[in-house]
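First comes the structure, then the notes that go with it.
In my numbering, the protein residues as written are 1 to 461.
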């Protein structure tokens, strides 16, 4: 199965984690700032943006399993998944910049430009992130090592989110002053270069070690039949939809929440940071702290139980945010940071469990489908993002939101609900789904041992 089952070197773990830092220079910018950019900077209506998000992300999500199948069938001297980090990085960075290029079109032209650039960006995100995600499943045959690797990945991811939270608003103000469009354009050009270099670093520092069974027969129709027959994968699939819908709903309206409810005018509260930047940064920091606790927690508790209780805890603190008055910023930080601490370990836990499902598929069906399994789960997550992003735009419009004017009571209530109770409802539904996950840690250990013994027996023939 592998050249070695020993722990990976720190250099390789860190190098892999940088790949998700690269992704999050754009991914988190989109989650936090893109709805605001389109409605308040570029001048597109919230309803039109919601429709664009829904259709474009749905199309992008459909591409995920296709990209996974393509990656599974890729054969190069660099492996199946690593070559995409090398070749897609430049188009990915370039399109991320063009998304914020802000050409001076009329209203219809702006909407067409947004549709084209956003759709292409999402397709490129799929082309680089599906292989990157699947790479984790072939770097080590050990479930425990994959959990560690997932922790490094999400330290990188939330580290990227922390940088985005800390830097975007100050950089936009520095480069654009009163002209936010110019500020966003220059900022994203810088992020594009950094993202490209980080993806290349991931390519250079990682290796693929887990190989497919030698008698494995590749048939997409059969692979899909196997995929949908696996109960553990189905649970993670639906959990991914609900989790990312919750995340997208909350993050999409964060800037609106602080601009219109908290009345953050961009004035520095601490050093160069305004209230919005401090809130985003401290929450990202607590996500990282939560991720760093993952290995400690998994040594003491089963993954499934952990995921359920952590998800429930974060949902409770989402709800509590609704009752915090707009002038109680420290209370906002406290409540939301505890919620982020609960949420932090959930990401590496889920991605480690995807790797466990890949082991399960090889053990039960003699078919290791890393690319398809990871990409299909990414489809679920992107479909969740599609639902969340679309709902955020549509519900803002339904509640009567109008950009850059004082909001009505209805619109203000809508912004607060989108930031608190509505994402919490999706998180609670996720908890209910996770109770049906049946692949225990003890069973994963037995599967891992059986697969190693199979490989040893094949090597001795």
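Quick reminder that beta carbons are idealized off the backbone N, C-alpha and C, glycines included. A quick note: this is a predicted structure, and the numbers were derived from the prediction, not measured.
Exposure of residue i, with buried meaning 16 or more beta-carbon neighbours within 10 Å
i	result
residue 65	buried
residue 544	Only positions 1 to 461 of the chain appear in the structure, and residue 544 is not among them; the question remains open.
residue 367	buried
residue 259	buried
residue 109	exposed
residue 3	In this prediction, residue 3 scores a pLDDT of 42, lower than 50, which makes its location untrustworthy; no coordinate-derived value is stated.
residue 453	exposed
residue 156	buried
residue 105	exposed
residue 300	exposed
residue 362	buried
residue 33	buried
residue 325	exposed
residue 380	buried
residue 76	exposed
Cβ neighbours of residue i in the same chain (closer than 7 Å, five flanking residues each side left out)
i	result
residue 7	145
residue 118	52, 56, 99
residue 127	67, 84, 88
residue 172	180, 183, 184, 187
residue 82	135, 203, 206, 208
residue 79	208
Check whether residue i and residue j have beta carbons under 8 Å apart
i	j	result
residue 395	residue 418	yes
residue 341	residue 289	yes
residue 279	residue 333	yes
residue 444	residue 239	no
residue 389	residue 97	no
residue 384	residue 263	no
residue 277	residue 188	no
residue 16	residue 153	yes
residue 472	residue 295	No information on residue 472 is available, as it lies outside the stretch 1 to 461 that the chain covers here.
residue 345	residue 306	yes
residue 451	residue 141	yes
residue 123	residue 31	no
residue 137	residue 339	no
residue 319	residue 420	yes
residue 252	residue 58	no
residue 314	residue 426	no
residue 308	residue 435	yes
residue 343	residue 312	no
residue 329	residue 275	yes
residue 378	residue 129	yes
residue 46	residue 401	yes
Contacting residues, own chain, Cβ-Cβ under 6 Å from residue i (five flanking each side not counted)
i	result
residue 371	68, 71, 72, 134
residue 50	390, 393, 394
residue 302	441
residue 143	356, 444, 448
residue 248	385, 388, 389
residue 485	In the structure displayed, the chain extends from 1 to 461; residue 485 sits before or after that span and is not available.
residue 317	335, 338, 339
Contact set for residue i: own chain, Cβ-Cβ below 8 Å, skip 5 residues either direction
i	result
residue 12	139, 205, 206, 207
residue 234	228
residue 196	22, 89, 90, 92, 93
residue 41	102, 180, 181, 184
residue 174	183
residue 463	Outside the displayed range of the chain (1 to 461) lies residue 463, so it cannot be described from this structure.
Residue i, enclosing alpha helix (DSSP H) - first and last residue
i	result
residue 32	Element bounds for residue 32: n/a, residue is neither H nor E.
residue 126	107 to 139
residue 189	180 to 205
residue 146	143 to 176
residue 377	370 to 398
residue 79	Unbroken run through residue 79: none, as it is neither H nor E.
residue 38	Where residue 38 is concerned, there is no enclosing alpha helix (DSSP H), given that its DSSP letter is neither H nor E.
residue 402	Segment: none, residue 402 is in no alpha helix (DSSP H) and carries neither H nor E.
residue 266	Per DSSP, residue 266 belongs to no alpha helix (DSSP H) and is neither H nor E.
residue 239	231 to 252
residue 298	294 to 298
residue 53	46 to 72
residue 420	Here residue 420 belongs to no alpha helix (DSSP H), and DSSP marks it neither H nor E.
residue 88	Unbroken run through residue 88: none, as it is neither H nor E.
residue 303	303 to 320
Below-8 Å beta-carbon distance, residue i vs any chain C residue
i	result
residue 24	Reference to chain C is not applicable here, since this structure consists of a single protein chain.
Could you tell me whether the segment 263 to 278 touches the segment 392 to 409, where touching means 3 or more Cβ pairs closer than 8 Å?
-> Using a Cβ-Cβ distance cut-off of 8 Å, the segment 263 to 278 and the segment 392 to 409 are not in contact, since fewer than three pairs of beta carbons, one from each stretch, lie closer than that value.
Check whether the segment 201 to 208 touches the segment 342 to 350, counting contact only when three or more Cβ pairs, one atom from each stretch, lie closer than 8 Å.
-> no
Say whether the segment 82 to 95 touches the segment 410 to 428, bearing in mind that this needs 3 or more beta-carbon pairs closer than 8 Å, one atom from each stretch.
-> no
Is it true that the segment 97 to 116 meets the segment 228 to 235, where meeting means three or more beta-carbon pairs spaced less than 8 Å apart?
-> Not touching, per the Cβ criterion.
Please determine if the segment 20 to 31 and the segment 145 to 164 are in contact, where contact requires at least 3 C-beta pairs separated by less than 8 Å.
-> yes
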